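Residue numbers for the sequence shown follow our numbering, so the first one is -18 and each next one is one higher.
Heads up, the beta-carbon is just placed ideally off N, CA and C, and yes, glycines get one too.
This one's a predicted model, so the numbers in the text were calculated from it and none came from an experiment.
Below is one structure, written out as structure tokens, with a few remarks after it.
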Amino acid sequence: MTTGPFDLSGKVAIVTGGNGGIGLGMARGLAQAGADIAVVGRNETKSAAAAAGLRKLGVKAISVTTDVTDKAAVDAMVERTYRELGRIDILVNNAGINIRRPPQTLDPAEWDSVIRTNLTSAFLCSQAVYPAMKAAGGGKIINIGSMMSIFGASFAPAYAASKGGIVQFTRSCAVAWARDNIQANAVLPGWIDTDLTRRAREEIDGLHDKVLARTPAGRWGAIDDFAGIAVFLASAASGFVTGTAIPVDGGFSIMG
Ligand code: NDP
-18 MTTGPFDLSG KVAIVTGGNG GIGLGMARGL AQAGADIAVV GRNETKSAAA AAGLRKLGVK
42 AISVTTDVTD KAAVDAMVER TYRELGRIDI LVNNAGINIR RPPQTLDPAE WDSVIRTNLT
102 SAFLCSQAVY PAMKAAGGGK IINIGSMMSI FGASFAPAYA ASKGGIVQFT RSCAVAWARD
162 NIQANAVLPG WIDTDLTRRA REEIDGLHDK VLARTPAGRW GAIDDFAGIA VFLASAASGF
222 VTGTAIPVDG GFSIMG
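Spelled out as structure tokens, the structure:
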């Protein structure tokens, strides 16, 4: 168990999309530092399995089946987490999807779906946890951006818009809630080996090697690469860090 500024024992974290990929990597880090976890996702079986795995790390973990694009479902998820785990200290807004299509053929319904899942959900979840965090005297919000928070992408206009937007949303919450001792920060992953990018590698010829060539670290990221940044941004160690957007990308974003 962690001690000192990174200790999260007695804290409760909600991780949207915590049943796999980057969200699960972050949830594992938070659990290893002592936090109890609510795993949030639509796939009940996957979320229950993730929660069972987290419990093996010695913390409480529940799975709460939720579509984070639905305000009533988000409010019910937050209410249930508070009731069953007793408090809410940390929110990781990680749930995300991509629909790969250029701007000229992206359907408006596809645009809405990506924006609602990647951006509106962060607003709904942050708004829903705010009263509990304020009443507790503080909290931590971690939003997941992307390299497309920085760069454009011809094949992902809605995704890039959502990921640019989430950085500005993060900064707005950081400013609005600083006096409530709530820190809000964004993490910008590089190219990470998950279900999301496995599909991209199948669809985009040569993607695997292009990423390797452009990433100074010389490898794709792994979900375990997100444990440390999650613990830092969720703990007292980052008490004076707010409104930032931190790349976790093996150097992808600084490669000339
Ligand atoms: P995964 O596809 O592995 O995970 C996505 C997660 O989001 C799943 O747990 C999924 O659970 C959940 N999710 C999707 N839609 C909803 C919804 N409507 N309600 C609730 N949960 C939902 O992808 P990654 O781990 O790769 O992605 C996680 C985040 O990281 C995303 O925001 C993504 O944009 C971002 N990212 C990923 C990068 C990468 O290289 N992998 C790079 C940059 C950013 P379920 O299906 O059960 O609902």
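In the three-state DSSP reduction, S44 falls in the strand class (E or B).
Ranking S130, Q108, I122 by CA distance to the CA of F233 puts S130 first. The alpha carbon of D70 has as its nearest neighbour, out of D17, S102, R61, the alpha carbon of D17. By the criterion of a C-beta distance shorter than 6 Å, R97 is surrounded in its chain by T50, once the five residues flanking it on both sides are discounted. The bridge partners DSSP lists for L72 are I(-5), I122. Straight-line spacing of the CA atoms in S107 and E25 works out to 22 Å. Remark: the C-beta of G1 is in contact range of the ligand NDP, defined as less than 7 Å to any heavy atom. Look at the segment 87 to 162 and you find these whole runs of beta strand (DSSP E), each 3 residues long or longer: 120 to 125. A straight line joining the alpha-carbon of N162 with that of K37 spans about 32 Å.
Distances from the CB of M128 to the heavy atoms of the ligand NDP include at least one below 7 Å. Per the C-alpha coordinates, the member of V45, S153, A8, S44 positioned closest to F104 is S153. DSSP places G34 in the uninterrupted alpha helix (DSSP H) bounded by 25 to 36. G77 has its Cβ nearer than 7 Å to a heavy atom of the ligand NDP.
Under DSSP, P(-14) shares a beta bridge with no residue. Taken atom to atom, the span from the alpha-carbon of T223 to that of R182 is near 34 Å.
In the three-state reduction of the DSSP assignment, Q85 falls in the coil class, being assigned neither a helical nor a strand state. Under the three-state reduction of DSSP, V49 is assigned to coil, being neither helix nor strand.
Restricting attention to A167, A134, Y63, the CA atom closest to the CA of F207 is found in A167.
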